[in-house]
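In the working numbering, the protein residues as written are 242 to 460.
Backbone N, C-alpha and C define an ideal beta-carbon position, used for all residues, glycine too.
Nothing here was measured: the structure is a model prediction, and the numbers come from that model.
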Amino acid sequence: MKRRCSGECLSIVCTSRPSDDSGCSSTWLPQTFVIALSEHTFRNSVRERIARAKIEEAAGRPWRAKEMLGGCIGNLRYGLDHELLAAYGALLDRLGDRYEAGKYLFLSGSNDPDHQDAVQLYLHRNRNTAVNDLVAQFPGVIRHQGLGNLPAAVRSELENRGIARSELQRTEPQDELARPVPLKGSVLIFLLFVFLVLSLLFWGIGLLTCIFWVVSLID
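What follows is the structure, given as structure tokens:
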């Protein structure tokens, strides 16, 4: 049984075996099949979003088209969608933001001749930018999913600029929250917590002392 989530760019399928309280009445599906079906549904939803954005732009609402495509890029869950990046970049170019358009067209790996001026503008303005600072400009979802998912032309450009090969080979999401906190950081956090607790304690004691003093004056 397929169940859509609240987002317009992501669909999920129930993978648990059916039970009285699971909310799934269909038979259980193998995990590999579920992943493939979910990704296929997601891709179709991205194509629908691109088509709807074109309708909004044709109707004189390009800002709405920009919101739709930009929001979808921020909610990718199944790798990079190069067609979506190219569509968003082309829209930005038509809206007059050629530099920002060049970034997304570059990331899409588009070889469309109409897109090359924007791409070259973006690369030229960042000709002296350190490669790590350049990557920091990319959308967070792209950095999270792994630079190894980028088109070959993009990876080649980054490699020529000196990025670590290990970064270009990473194709799996990087869970920052799963990383252990360094010991030094843990100690600093603990000390800060103790400081805050003691500060509140002393503040409370001082407040109570002032109250008792005022009451004693009144008496």
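Review point. For Glu308, which three-state DSSP category applies?
Key: Of the three classes helix, strand and coil, the one that applies to Glu308 here is helix, per DSSP.
Check your understanding: Thinking C-beta only, is Leu348 closer than 8 Å to Ile404?
Key -> Their beta carbons are not under 8 Å apart, which means Ile404 does not touch Leu348 by this criterion.
Point to revise | Spatially closest choice to Glu289 from Ala306, Arg302 and Lys344, by CA coordinates | key: Closest by C-alpha distance to Glu289, out of Ala306, Arg302 and Lys344, is Ala306.
**Study point:** Chain-order list of residues whose beta-carbon lies under 6 Å from that of Leu375 (same chain, five-residue window excluded)
**Key:** Closer than 6 Å at the Cβ level, and outside the excluded window around Leu375, lie Asn367.
Check your understanding: Whose C-beta lies closer than 6 Å to the C-beta of Leu333 among residues of the same chain, with five residues either side of it excluded?
Key -> Counting only Cβ-Cβ distances below 6 Å, and skipping sequence neighbours, we find Glu341 and Ala342.
Check your understanding: Looking only at C-alpha atoms, which of Val360, Pro354 and Trp444 sits nearest to Asp338?
Key -> Minimum Cα distance to Asp338 is reached at Val360.
Review point. Would you call Val287 buried or exposed, if buried means 16 or more other Cβ atoms sit within 10 Å of its Cβ?
Key: Val287 is classed as buried because its beta carbon has at least 16 other beta carbons within 10 Å across all chains shown.
Point to revise | Runs of alpha helix (DSSP H) wholly within the region 349-435 (minimum 4 residues, chain order) | key: Segments of the alpha helix (DSSP H) lying fully in the region 349-435: 357-366, 372-377, 381-386, 393-401 and 406-410.
Review point. Where does Leu333 sit, in a helix, a strand or coil, going by DSSP?
Key: The three-state secondary structure of Leu333, taken from DSSP, is helix.
Review point. Got a sec: does the ligand FAD put a non-hydrogen atom nearer than 7 Å to the Cβ of Leu439?
Key: Summarising the ligand content, the structure contains no ligands, and the ligand FAD is consequently not present.
**Study point:** Given Asn390 as reference, the closest of Leu409, Asn373 and Glu398 once Cα atoms are compared
**Key:** When only C-alpha atoms are compared, the closest one is Leu409.
Check your understanding: Mind checking Ile314: buried by the 16 CB within 10 Å criterion, or exposed?
Key -> The residue is buried, with at least 16 neighbouring Cβ atoms inside 10 Å.
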